């Protein structure tokens, strides 16, 4: 079964990989229109998922991720149209030269091939992932969570019909209806047909992909992000950045999870920052020093430093130097987004040079790590691995390259 | 034990990753000098490996890969000096912009981190891999084959002493002395410390890495490369290209393994090309049509089309169109280097567009797929995977990237 899906994806990919930009864009606009035209059908499928989820006792915060409504479908349609309007990354010549022997060597962006996206209970990922793959010439195999399967099937059906009408094979987008773990594991080992696996979801899903997959994986999305308030920080700026980084949207991977404060500024900074956090409903898991200075906190234990709360909770610790802050981040960080607040030039330089993460910030909120904010358009996730691409994965990161070498009979 | 190696590599990497170009170059020149100064010691270690290999009945063609002599050591020293002279890829700003909110975003090349190179019986790889990793700021864990262990230990010792003298931690380069399969498997699962695994060797080694590794792998080096002689080919040019691609060095991955000839030109091209191949000692495993036209060949069976001979053997087949050639290459190729010989503009375009490989050639030998020939300098291998980098892996491919985002208090 999974073999069959892989084979179909590869066959569709051979056509899609050389499709013109205008054909791909036509398909994307037709997807956008079809989503709106078939909204009722998608919503009634979604209702079934939601009802089943509530019967199974799913928490309402999770049900919220599962629910679709007309506004969300319109947002999905707008997403498809936005991707149509974005630049096509395929065919771009990224470098080129003529060698001394006259050989002309061009490096050209080509699709990765077949991308399998494994995700959880958010049906909008079905659309987001599919349209980004389509635009970048990649066939998509979508494997969402069982909670959203009825919604996902409805969305995939609408997309498949639309792209077929646009003259592309329906199998450019396939949804895996088998939502078992065995099915996912089989997909992760489909090296013959699948070029890349992109997991979108929590740490457990990503770990499962890294451990079980023989297909190359792009890790995304775990963010144990820190804000370090240096002794030379502007406390008012630090407060605004910490509160924004933590409380503007705690459930996302670029939210701050841990606060480090230099001991020389702690007496003034701790009450200012911590009370602003409390005013934004954030609980503080503090080390002993911060707990002593700000009693409206609970004492942290060792496990706090490595925890991605994704909630209105932050861990907080006093450090004696920027070096201690860097060491702490090296030990506990996940390589996502790390921030220093400082007015000191050399300290800022040391931090940006020594902290190894996808994005390192000086005097700005970690919440900016995002494809849209970086100016890349829609993203398929934030890569926290070092291979292939790091940070927000836009369309241009869903490509590989090919050298085209043209000669007139050269031999070596 | 392997954990300990990983931990030491990570600690060394923290220093190496921010070392200046001049420090790294000093270490490289000191390695070059030390290799020559300690040549006797390395050669006597090598003699032990060679003696043991012959006692164990190793084939002389393989013994040849294992043997070092003064000239080979001088070539290794020159290799280290050449890498010192090459551009440092680290710190390069590859893109940058100022966002509407005033945030400045720069994308900077950084080291991958800790690279484990797993290879077979060529002791020169110990040097080649180490110096490329060092220059690109990556700590190297080298795991060569047991056949070369004494030579590898001698070379690694010389290198470690040299880089320590240059002011860098000796653990920037570590050789794994445990050459068991269990040791290699443990290395492949050292995700906490190792960022990338690069296998350098035959198809079996690469398969083992892909199947067992949880650390990301860059696949290198399997090349079932084709030359397709189109009906509009210049037969004289085609003959020269095929003979060069096959016989100039049959044991390397960019050598041609399979010849496809259009039926409309076969009557003239087959005798010309096949007799030139025979004159270069190449055996021809031919399909029935070619065998009928050129009896000094043996009949191929299905297994021939997928075989990388790495020897004076070529498979040969008649096809009825460029589309059949492309389909055959899609089915049997390994995505390394593929060539068309043609005078026809549209056929050439179709071939370069539809063939999915690291390098696609028009009217030139596949043997040019090489870091030096492409102008990239020394290479650590030819990537045949689509993730991260494809084709010759030079210094700039041994890097990741980091976004450095500087602001003045921006929040989202």
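Protein chains in written order, with our numbering: chain A, -5 to 406; chain B, -5 to 406. The beta carbon of each residue, even a glycine, is placed where N, CA and C say it ideally should be. Since this is a predicted model, take the numbers as computed values, not measurements.
- prompt: From this set, A:13, A:68 and A:103, which residue's C-alpha is nearest residue 380 of chain B's C-alpha?
  reply: Taking the first residue of the second chain as 1, we reach residue 380 of chain B at position 386. Here the closest residue by C-alpha is A:103.
query: Shorter than 7 Å from the beta carbon of residue 359 of chain B to some beta carbon of chain A?
result: Working through the second chain from its first residue, we reach residue 359 of chain B at position 365. Chain A, which has a Cβ nearer than 7 Å to the Cβ of residue 359 of chain B, makes this yes.
query: Do residue 105 of chain A and the ligand MG come close, with the Cβ less than 6 Å from some heavy atom?
result: Within the structure as shown, the ligand MG is missing, as the structure has no ligands at all.
- request: Using only alpha-carbon positions, find the residue among A:249, A:12, A:100 and A:208 that is nearest to residue 215 of chain A.
  value: Indexing the first chain from 1 puts residue 215 of chain A at position 221. Of A:249, A:12, A:100 and A:208, the residue nearest in Cα terms is A:249.
message: For a contact defined as C-beta to C-beta under 7 Å, what are the partners of residue 234 of chain A on chain B?
response: To locate residue 234 of chain A, count along the first chain from 1; it is residue 240. Residues of chain B passing the Cβ test: 403 and 405.
field: residue 261 of chain B, enclosing alpha helix (DSSP H) - first and last residue
entry: For the purposes of this step, residue 261 of chain B is taken as residue 267 along the second chain, with counting starting at 1. Taken as a continuous stretch (DSSP letters only), the alpha helix (DSSP H) holding residue 261 of chain B covers 257 to 273.
message: I want to know whether the stretch 129 to 147 of chain B touches the stretch 385 to 398 of chain B - three or more CB-CB distances under 8 Å.
response: yes
message: Give me, in chain order, the residues of the same chain whose beta-carbon lies closer than 6 Å to that of residue 338 of chain A; leave out the 5 immediate sequence neighbours on both sides.
response: Here residue 338 of chain A refers to the residue found at position 344 when the first chain is read from its first residue. Only 226 meet the Cβ criterion.
message: 7 Å is my cut-off, CB to CB: does residue 330 of chain A come that close to chain B?
response: Residue mapping note: residue 330 of chain A aligns to position 336 of the first chain, counting from 1. Taking Cβ atoms only, chain B never reaches closer than 7 Å to residue 330 of chain A, which makes this a no.
The stretch 190 to 209 of chain B in contact with the stretch 335 to 352 of chain B per 3-pair CB rule at 8 Å: no
field: Enclosing alpha helix (DSSP H) for residue 73 of chain A [first to last residue]
entry: The residue given as residue 73 of chain A occupies position 79 in the first chain. Note, residue 73 of chain A: alpha helix (DSSP H), 64 to 79.
- prompt: Cα separation between residue 259 of chain B and residue 233 of chain B?
  reply: The residue labelled residue 259 of chain B in the question sits at position 265 within the second chain. The residue labelled residue 233 of chain B in the question sits at position 239 within the second chain. One Cα belongs to residue 259 of chain B, the other to residue 233 of chain B, and the distance between them is close to 13 Å.
message: Just to confirm, is the Cβ distance from residue 239 of chain A to residue 221 of chain A under 7 Å?
response: Within the first chain, numbered from 1, the residue matching residue 239 of chain A stands at position 245. Within the first chain, numbered from 1, the residue matching residue 221 of chain A stands at position 227. Yes. Within cutoff.
- request: Only counting runs of 4 or more residues, tell me where the alpha helix (DSSP H) segments fall wholly within the stretch 266 to 322 of chain A, in order along the chain.
  value: 282 to 287
query: Between the beta-carbon of residue 22 of chain B and the beta-carbon of residue 71 of chain B, is there less than 7 Å?
result: Your numbering for residue 22 of chain B matches position 28 in the second chain. Your numbering for residue 71 of chain B matches position 77 in the second chain. Contact: no.
query: What span of residues does the alpha helix (DSSP H) with residue 216 of chain B cover, start to end?
result: As a working note, residue 216 of chain B is residue 222 in the second chain. Counting along the chain, residue 216 of chain B falls outside any alpha helix (DSSP H), and DSSP gives it neither H nor E.
Residue ranges of each alpha helix (DSSP H) within the stretch 104 to 169 of chain A, 4 or longer: 118 to 129 and 143 to 159
query: Contact between the stretch 139 to 147 of chain B and the stretch 160 to 167 of chain B: three or more CB pairs below 8 Å?
result: no
- prompt: Applying a beta-carbon distance threshold of less than 7 Å, which residues of chain A neighbour residue 97 of chain B?
  reply: Locating residue 97 of chain B in the second chain gives position 103, where the first residue counts as 1. The answer, in chain order, is 358 and 362.
query: When the distance is taken between beta carbons, is residue 189 of chain A closer than 7 Å to residue 126 of chain A?
result: Residue numbering aside, residue 126 of chain A sits at position 132 when the first chain is read from its first letter. Residue numbering aside, residue 189 of chain A sits at position 195 when the first chain is read from its first letter. No, they are not a contact pair.
query: For residue 111 of chain A, which option in A:252, A:322, A:192 and A:139 has the closest C-alpha, if you only look at C-alpha atoms?
result: Within the first chain, the letter at position 117 stands for residue 111 of chain A. Closest option to residue 111 of chain A, Cα to Cα, is A:192.
field: Euclidean distance between Cα positions of residue 181 of chain A and residue 235 of chain B
entry: Sequence index remark: in the first chain, residue 181 of chain A carries index 187 (1-based). Sequence index remark: in the second chain, residue 235 of chain B carries index 241 (1-based). So the alpha carbons of these two residues sit roughly 41 Å apart.
- request: Using a Cβ-Cβ cut-off of 7 Å, state whether residue 251 of chain B counts as contacting chain A.
  value: By 1-based counting over the second chain, the position of residue 251 of chain B is 257. Residue 251 of chain B does not count as touching chain A.
query: My guess is that residue 195 of chain A and residue 306 of chain A are in contact by the Cβ rule of under 8 Å, so how many angstroms apart are they, rounded?
result: Translated into positions along the first chain, residue 195 of chain A becomes position 201. Translated into positions along the first chain, residue 306 of chain A becomes position 312. That belief does not hold up - the Cβ atoms of residue 195 of chain A and residue 306 of chain A are roughly 21 Å apart, past 8 Å.
- prompt: Along the chain, where does the beta strand (DSSP E) that runs through residue 91 of chain A open and close?
  reply: Position 97 of the first chain, counted from the first residue, corresponds to residue 91 of chain A. Per DSSP, residue 91 of chain A belongs to the beta strand (DSSP E) from 87 to 92.
query: On the premise that residue 359 of chain A lies in contact with residue 404 of chain B, defined as a C-beta separation below 8 Å, what is that separation, rounded to the nearest angstrom?
result: Position 410 of the second chain holds residue 404 of chain B. Position 365 of the first chain holds residue 359 of chain A. That belief holds up - the Cβ atoms of residue 404 of chain B and residue 359 of chain A are roughly 7 Å apart, short of 8 Å.
message: So, for residue 388 of chain A: in the same chain, excluding its five sequence neighbours on each side, which residues have a beta-carbon less than 6 Å away from its beta-carbon?
response: Walking along the first chain from the start, residue 388 of chain A turns up at place 394. 365, 370, 371 and 373, listed in sequence order.
message: Taking the alpha-carbon of residue 252 of chain A as reference, which of A:217, A:265 and A:55 has the nearest alpha-carbon?
response: Here residue 252 of chain A corresponds to residue number 258 of the first chain, with the count starting at 1. Ranking A:217, A:265 and A:55 by Cα distance to residue 252 of chain A puts A:217 first.
message: Using a Cβ distance threshold of 8 Å, determine whether the stretch 347 to 359 of chain A contacts the stretch 279 to 287 of chain A, with at least three qualifying pairs required.
response: With the cut-off at 8 Å, the stretch 347 to 359 of chain A and the stretch 279 to 287 of chain A do not touch.
- prompt: How big is the Cα-Cα spacing for residue 243 of chain B and residue 120 of chain B?
  reply: Mapped onto the second chain, residue 243 of chain B falls at position 249. Mapped onto the second chain, residue 120 of chain B falls at position 126. Cα-Cα distance, rounded: 23 Å.
field: Test: residue 86 of chain A CB closer than 7 Å to a CB of chain B
entry: Residue numbering aside, residue 86 of chain A sits at position 92 when the first chain is read from its first letter. Closer than 7 Å: no.
field: Cβ-based neighbour list, residue 304 of chain A, same chain, cut-off 6 Å, excluding 5 preceding and 5 following
entry: In the first chain, counting from the first residue as 1, residue 304 of chain A sits at position 310. Cβ within range, chain order: 245.
task: Could you confirm whether any beta carbon from chain B is found closer than 7 Å to the beta carbon of residue 189 of chain A?
output: As a working mapping, residue 189 of chain A is identified with position 195 in the first chain. So, interface residue.
message: At the level of alpha carbons, what is the spacing between residue 46 of chain A and residue 204 of chain A?
response: Translated into the one-based positions of the first chain, residue 46 of chain A becomes position 52. Translated into the one-based positions of the first chain, residue 204 of chain A becomes position 210. Rounded to the nearest angstrom, the two C-alpha atoms are 30 Å apart.
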